[in-house]
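The next block holds one structure in the form of structure tokens; read it before the comments.
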Amino acid sequence: MNQICMRKEKISGYKAVIFDLDGTLYYQNPFRLRMACWLLGYLIKHPSSLKDMRIIKKYRSVREHWEKYDAAWRSCGTQELDARQYAYVAGRMKVTPERVEKTITFFMLEAPLKLLAGYRDHVLADMIKELREHKITVIIYSDYPVQDKLRALRIKADACYTSADRQIGCMKPDPKGIDVILKEQGILNADALMIGDRYEKDGLAAQGNDVDYIIVGKKKKERELLRDLLGFR
Numbered sequence: 003m004n005q006i007c008m009r010k011e012k013i014s015g016y017k018a019v020i021f022d023l024d025g026t027l028y029y030q031n032p033f034r035l036r037m038a039c040w041l042l043g044y045l046i047k048h049p050s051s052l053k054d055m056r057i058i059k060k061y062r063s064v065r066e067h068w069e070k071y072d073a074a075w076r077s078c079g080t081q082e083l084d085a086r087q088y089a090y091v092a093g094r095m096k097v098t099p100e101r102v103e104k105t106i107t108f109f110m111l112e113a114p115l116k117l118l119a120g121y122r123d124h125v126l127a128d129m130i131k132e133l134r135e136h137k138i139t140v141i142i143y144s145d146y147p148v149q150d151k152l153r154a155l156r157i158k159a160d161a162c163y164t165s166a167d168r169q170i171g172c173m174k175p176d177p178k179g180i181d182v183i184l185k186e187q188g189i190l191n192a193d194a195l196m197i198g199d200r201y202e203k204d205g206l207a208a209q210g211n212d213v214d215y216i217i218v219g220k221k222k223k224e225r226e227l228l229r230d231l232l233g234f235r
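According to our numbering, the sequence shown is numbered sequentially starting from 3.
Here it is, written out as structure tokens:
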């Protein structure tokens with residue numbers, strides 16, 4: 003179900019819209035099921051990759067609950083967010099950070115690109131196109147890398163940010179990311195709107211900056227209702 007917190011009547015009243023990517027610009031639940039099947043098939047063909055699957059599980063767990071592990075990451079001897087996470091997971095899994103990075107890059111960043119387009123949210127993709135046509139700045143802000151995924155989804159944006167960017171260096175719902183984006187883009191809080199799929203991540207990050215937000219529902223019919231908010235048609 004869509005959750006809407008907007009002080010303006012239409013999306014056309016904002017100067018910038020910040021979109022989350024994973025779970026927002028594509029339908030995450032069916033995509034995850036498809037990826038799980040792919041991973042199972044890969045494991046059957048490559049039994050030696052069982053350790054990689056365990057690395058992925060640990061990595062996803064510590065990222066999902068990053069607040070619990072942030073202090074441990076910061077003790078890993080590097081200032082880069084991704085490097086801190088790789089080092090922490092490596093220590094827990096008794097492998098090298100290079101092994102963790104290689105595993106995550108292949109299984110979580112590269113392999114999904116071949117499947118992603120089939121789960122594209124056409125409603126939000128069309129919304130982004132219309133926003134840009136009406137000179138409303140479209141910004142993508144994700145906890146994961148975005149450029150390759152945007153190309154796979156055939157979506158263009160005016161600016162992209164990730165939690166690993168040096169000037170951000172933290173994950174949602176920490177409000178720092180949106181604060182950095184607004185300052186770099188020269189946008190007032192009241193003129194920005196955040197669109198994501200999780201209140202506990204995207205909604206709280208927006209609230210921490212007094213920014214309006216929309217948390218989109220999981221189903222296509224729920225998202226289609228958002229078209230009326232555009233005010234362009």
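Every residue, glycine too, gets a C-beta built ideally from N, C-alpha and C.
Query	Result
Ignoring anything shorter than 4 residues or poking outside the region 100 to 147, list the alpha helix (DSSP H) runs there in chain order.	115 to 118 and 124 to 135
I need the boundaries of the alpha helix (DSSP H) containing CYS39, first residue and last residue.	30 to 47
Output the distance between the C-alpha atoms of LYS17 and THR139, rounded to the nearest integer angstrom.	6 Å
In the DSSP assignment, find the unbroken alpha helix (DSSP H) run with LEU206 in it and report its ends.	206 to 209
Are there 16 or more other CB atoms within 10 angstroms of the CB of ILE63, so buried, or fewer, so exposed?	The sequence given here has Ser at residue 63, not Ile. SER63 is exposed by the Cβ-count criterion.
Rounded to whole angstroms, what is the Cα-Cα separation between ILE142 and ASP22?	6 Å
Thinking C-beta only, is ASP123 closer than 8 Å to ARG225?	yes
With a Cβ-Cβ cutoff of 8 Å, do TYR121 and TYR29 count as a contact?	yes
Could you check the C-alpha separation between GLN209 and SER50 for me, to the nearest Å?	45 Å
Mapping the DSSP letters down to three states, classify GLN5 as helix, strand or coil.	strand
Given PRO99, which residues of its chain have a CB within under 6 Å of its CB, disregarding the five upstream and five downstream residues?	TYR88, ALA89 and ALA92
Rounded to whole angstroms, what is the Cα-Cα separation between ASP193 and GLY179?	16 Å
Determine the contact status of LEU190 and THR26, defining contact as a CB-CB distance below 8 Å.	no
Taking the alpha carbon of ARG65 as the point to measure from, which residue in LYS220, PRO32, LEU35 and LYS203 has its own alpha carbon closest?	LYS203
Can you tell me where the beta strand (DSSP E) with MET196 in it begins and where it stops?	194 to 198
Could you spell out the range, first to last residue, of the alpha helix (DSSP H) harbouring VAL182?	178 to 187
Suppose you measure from the CA of GLN187 to the CA of GLU103; what does that come to, to the nearest Å?	31 Å
When DSSP builds the beta bridges, which residues end up paired with ALA161?	ILE141
With ILE170 and ASP199 assumed to form a contact (beta carbons below 8 Å), what rounded beta-carbon distance in angstroms separates them?	Incorrect: roughly 20 Å between the Cβ atoms, too far for contact.
Take ILE57 and list the residues in its own chain whose beta-carbon comes closer than 8 Å to its own, dropping the five residues that flank it on each side.	VAL91, MET95, VAL97, ARG101, VAL102, THR105 and ILE106
Per the DSSP calculation, ASP214 is bridged to which residue(s)?	LEU195
Measure from the alpha carbon of ILE20 to the alpha carbon of each residue in TRP40, ASP160 and LEU155, then state which is nearest.	ASP160
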